[in-house]
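Engineer:
Chains as they are written, first to last, in my numbering: chain P, 1 to 358; chain L, 359 to 716.
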C-alpha cells in the first residue's frame, strides 16, 4: 500500500492506494467519529463491493445504512441527490453521520456534495471504484451536480477525511471506463510531467491490460501531481485551472451530446487533442508534440474525432462553461509536453480547430 | 451610520446599519469586482426597493439583472432555488458575478446558498429588509433551504462580502414581521447580555412603535453579540449553539404546522418561553426570571402558547432537528437572564413542558 498525503492544513487527508483495500477495517476506523455511517453507492457497484465494505465496517460497531442510486452521469442531478437527503432524514442521520462514497466519479461528486450540504456539512470518505475517480475526482474537493444548462454548475469545495483507492476493483471495470481513466492520466502528465508522459508511452500496453503495478504507479503519480497543484490553490484561483486541460472542449462535447452519451474521460481525451490543435494554431506548440498527444490518446483507445455539434453550438456551450469569464473563454493550452499555459483564442482560430476536429 | 465588523480572518466583512443606506453607491462599490450583478429579491420587496437599489448600482457601470422569487418561507425550497440557478445560467453569469440578496431571511438564506453553490461559490452581498434578518440572519454565514422533513436541512456556511442594514425600510414592515424580529432581539439579550435585556424591557414600546434610534441600537447590539459568538465558533462546533435558544421548540412548531404558518420569529418567541419552562423544571432557572421572559415576549406581541401538535409529534420533530445527535436532543437553556447552558432533558420533564405550554 502507498499513501499520498494531500496537504491542506486542517483539511489535510490521506489517499491510500493498493490492492484489496476495501476490506481493511483499519483504514476506515480513524475517520469515523460518530455512531452512524451511510454508504452511498449505485446499482452496479453495490452487488460487487457493498458487502465487502460493510464487512470491513462491521467491527467498528456503527449503525451502517446504504443508499443505492441509479448508475450513470445522467442521474447526477438534483432529483438523485435529494434521494440521499430523503434517506438521511428518514434515518434521523445527525451531524456526525459519516457518508462513504462507494463508486465512480458521479457517486463521489454527489456524495461529497450531499456531505457538504446535509445539515451544512457532515464528514465523508471516498472509496473510488473507477480509474478515473481514483486518479482524478478523489483529489481536489470538487463536488457537485449537473444542471440542464451545464455540467457541475451546482456544487461546493469540500474535502473528504480519507480516500481509499483499491486497485483490485479495476479488474471489474469495463474497457471503456478504464480508457476514460487513462485519459486523465495522460492529461496529468501532459500538463505537468514530461518524464511521466514518456513513461505512459512506454507502458500504455500494461495500462490498457489493467496491470496492477502499472496502474498503482499511474494513480500515485497523478494523485501526487494533483495534490501539489490543489495544495497551492485549493479554491481554483489560478494555478489549479491547468487541471482543466481538455475540459473546456470536453465539457462542450458532454453537454452537447447530453450527459452520459460519452464518458467524461472520453470527452476529455478528445478535448485534449482539440486543445493541442488550438495550441498549434496559436503558435504555442509544435506539431510533433501535438501528434504525440493524438497518438497516445488513440493508443489508449479513446476517441480523437469530435462529434459534429456545429461550430456555433460548441462556442455557445463553451461560453457558459464555469471557466468562462464575462463571455471570454480561457483555454488551457500547451507550450510543450509537460508545460501548460492559459490563453483566450480569436474566434477564427477556434472555428478552425472545431472544423479540423470533427 | 454605524459599522459593526465581523472578524473571520480573510472572510471578515462589515455590517453597515443606518437609515436610507440602500441608495448609497459607495457602500456597494468596494465589494463588486466582476462585471455583473444579480439582485435576488421577492414579489413583495421588489416594488418597494428594487428600483432604489438598481439606482445605487447604476453609477458602477455593471450589468445588473434581477430575479424575483415568490414571497414566503413556504417557497424556501429546491424548486425556488433552482429558479435562481436557471436565471444565472441563462444569463451566462460567471464566477465573478455578485449576487445581492434584497429581502428578509428567506431571501438571504436562499441567495447565500445559491452563491455558495453556483459554480462552487460566487461573491454575495446581503441587503436585509426585515428586522429579523437585520439582527439575525445577516450575521453568521448560515445559508440554506428547507426539506419537507426539516427546516434548513440543506445548506452551507458561506459569508457575505458585506451587509447593508437599512433601518428606514423597517417602516414598511407589517407588525407581525416587526414582532418576529424583536423575538431575536430578546433571544440575543437573554443568552448573552442582562443589561441589554433590561434595556429592552425599558424600550419595548419604542421598538414596537418602530422608533429608528431604538431599532438601530438593538440591531447594533445584536450584531455585535452574534459577531463575537460567530467569530469564536464559525462552524458551530460548540459556543455558537447558544444562539439556538428557543429554536429547538421553535423549529418543531414551524415544521409541525407547516412552514409559513407561523413566522420564524413567532415560533422562536414561543420556543423561548418553552425553553425557559424546561429550564425551571430542570432546576437551572428561577421562576421569576422565566416570568420576566414570558412577559417581554408577550409585550413584544408574540405568541406565548404553543400550538397543540401532540407531545409525541413534538418529540419526533425535535429528534430530527440538526442539533440532535444520535437521537439525543441538546436544549439551550437558561441559568439566569444573560447566561445560557446546554443540557439534554429527561422525557418526563420535556413532556411536562410541552403539556404546560399548549
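Even for Gly, the Cβ is constructed at its ideal location relative to N, Cα and C.
Since this is a predicted model, take the numbers as computed values, not measurements.
If residue 655(L) and residue 630(L) are in contact, beta carbons under 8 Å, what's the gap, nearest whole angstrom?
Structural biologist: 6 Å
Engineer: Which residues share a DSSP beta bridge with residue 486(L)?
Structural biologist: Looking at the DSSP assignment, residue 486(L) forms a beta bridge with 461(L).
Engineer: Indicate the three-state DSSP secondary structure (helix, strand or coil) for residue 405(L) in the structure shown.
Structural biologist: helix
Engineer: Starting from the Cα of residue 598(L), find the closest Cα among 563(L), 546(L), 645(L) and give me that residue.
Structural biologist: The candidate whose alpha carbon is nearest that of residue 598(L) is 546(L).
Engineer: Would you call the region 530-537 of chain L in contact with the region 579-590 of chain L, where contact means no fewer than 3 C-beta pairs closer than 8 Å?
Structural biologist: no
Engineer: When the distance is taken between beta carbons, is residue 604(L) closer than 7 Å to residue 638(L)?
Structural biologist: no
Engineer: Should residue 137(P) and residue 181(P) be called a contact, given that it needs their Cβ atoms to be closer than 7 Å?
Structural biologist: no
Engineer: Measure from the alpha carbon of residue 443(L) to the alpha carbon of each residue in 430(L), 425(L), 433(L), then state which is nearest.
Structural biologist: Nearest option by C-alpha distance: 425(L).
Engineer: Identify whether residue 496(L) lies in helix, strand or coil by the three-state DSSP scheme.
Structural biologist: coil
Engineer: From residue 453(L) to residue 44(P), what does the alpha carbon distance come to, in whole angstroms?
Structural biologist: 35 Å
Engineer: Would you call residue 685(L) buried or exposed, if buried means 16 or more other Cβ atoms sit within 10 Å of its Cβ?
Structural biologist: So residue 685(L) counts as exposed.
Engineer: How many Å lie between residue 112(P) and residue 489(L) at the Cα?
Structural biologist: 35 Å
Engineer: Tell me, which residues are paired with residue 18(P) by DSSP?
Structural biologist: 166(P)
Engineer: Count the C-beta pairs between the region 253-268 of chain P and the region 199-214 of chain P that are closer than 8 Å, then say yes if the count reaches three, no if not.
Structural biologist: no
Engineer: At the 7 Å Cβ level, is residue 270(P) part of the contact set with chain L, yes or no?
Structural biologist: No, residue 270(P) lies away from the interface with chain L (no Cβ there is under 7 Å from its Cβ).
Engineer: Are the beta-carbon atoms belonging to residue 98(P) and residue 37(P) less than 7 Å from one another?
Structural biologist: yes
Engineer: For residue 678(L), name the three-state secondary structure that DSSP assigns.
Structural biologist: It is coil, neither helix nor strand.
Engineer: Fully enclosed by the region 29-86 of chain P, which alpha helix (DSSP H) runs are 4 residues long or longer?
Structural biologist: 51-57
Engineer: Between residue 94(P) and chain L, is any beta-carbon pair separated by less than 7 Å?
Structural biologist: Interface flag for residue 94(P) against chain L is set, since a Cβ pair is found closer than 7 Å.
Engineer: Using a Cβ-Cβ cut-off of 7 Å, state whether residue 423(L) counts as contacting chain P.
Structural biologist: no
Engineer: Would you kindly check if the distance between the Cβ of residue 399(L) and the Cβ of residue 408(L) is under 7 Å?
Structural biologist: yes
Engineer: Can you give me the Cβ contacts of residue 370(L) inside the same chain, cut-off strictly under 7 Å, excluding the 5 residues immediately before and after it?
Structural biologist: 363, 364
Engineer: Any beta carbon from chain P within less than 7 Å of residue 512(L)'s own beta carbon?
Structural biologist: Against chain P, the CB of residue 512(L) has a partner CB under 7 Å away; the residue lies at that interface.
Engineer: Does the beta carbon of residue 117(P) sit closer than 7 Å to a beta carbon anywhere in chain L?
Structural biologist: For residue 117(P), the closest Cβ of chain L is nearer than 7 Å.
Engineer: Under 8 Å, with one C-beta from each stretch per pair, do the region 147-167 of chain P and the region 19-27 of chain P reach the 3-pair mark?
Structural biologist: yes
Engineer: Residue 146(P): beta carbon under 6 Å from a heavy atom of the ligand MG?
Structural biologist: Ligands are entirely absent from the displayed structure, and the ligand MG is therefore not among its contents.
Engineer: Name, please, each residue of chain P whose Cβ falls closer than 8 Å to the Cβ of residue 515(L).
Structural biologist: 120, 121
Engineer: Quick one: what's residue 701(L) bridged to in DSSP?
Structural biologist: 689(L)
Engineer: On the DSSP bridge assignment, give the partners of residue 158(P) in chain order.
Structural biologist: Its beta-bridge partners do not exist; DSSP assigns none.
Engineer: What residues of chain L sit near residue 137(P), judged by a beta carbon separation below 7 Å?
Structural biologist: What residue 137(P) touches in chain L: nothing, since even the nearest Cβ is about 14 Å away.
Engineer: Could you tell me how far apart the beta carbons of residue 390(L) and residue 411(L) are, in whole angstroms, since I believe they sit closer than 8 Å?
Structural biologist: Not really, about 12 Å apart at Cβ, beyond 8 Å.
Engineer: Mapping DSSP to helix, strand and coil, what is residue 295(P)?
Structural biologist: Look at residue 295(P) here: in three-state DSSP terms it is helix.
Engineer: Applying the criterion that 16 or more other CB atoms from any shown protein chain within 10 Å of the CB defines a buried residue, is residue 716(L) buried or exposed?
Structural biologist: exposed
Engineer: If you follow the alpha helix (DSSP H) that residue 428(P) is in, where does it begin and where does it stop?
Structural biologist: With chain P covering only 1 through 358, there is no way to say anything about residue 428(P).
Engineer: Out of 450(L), 668(L), 648(L), 405(L), which has the shortest C-alpha to C-alpha gap to residue 421(L)?
Structural biologist: 450(L)
Engineer: For residue 184(P), does the count of other Cβ atoms within 10 angstroms reach 16, so buried, or fall short, so exposed?
Structural biologist: buried
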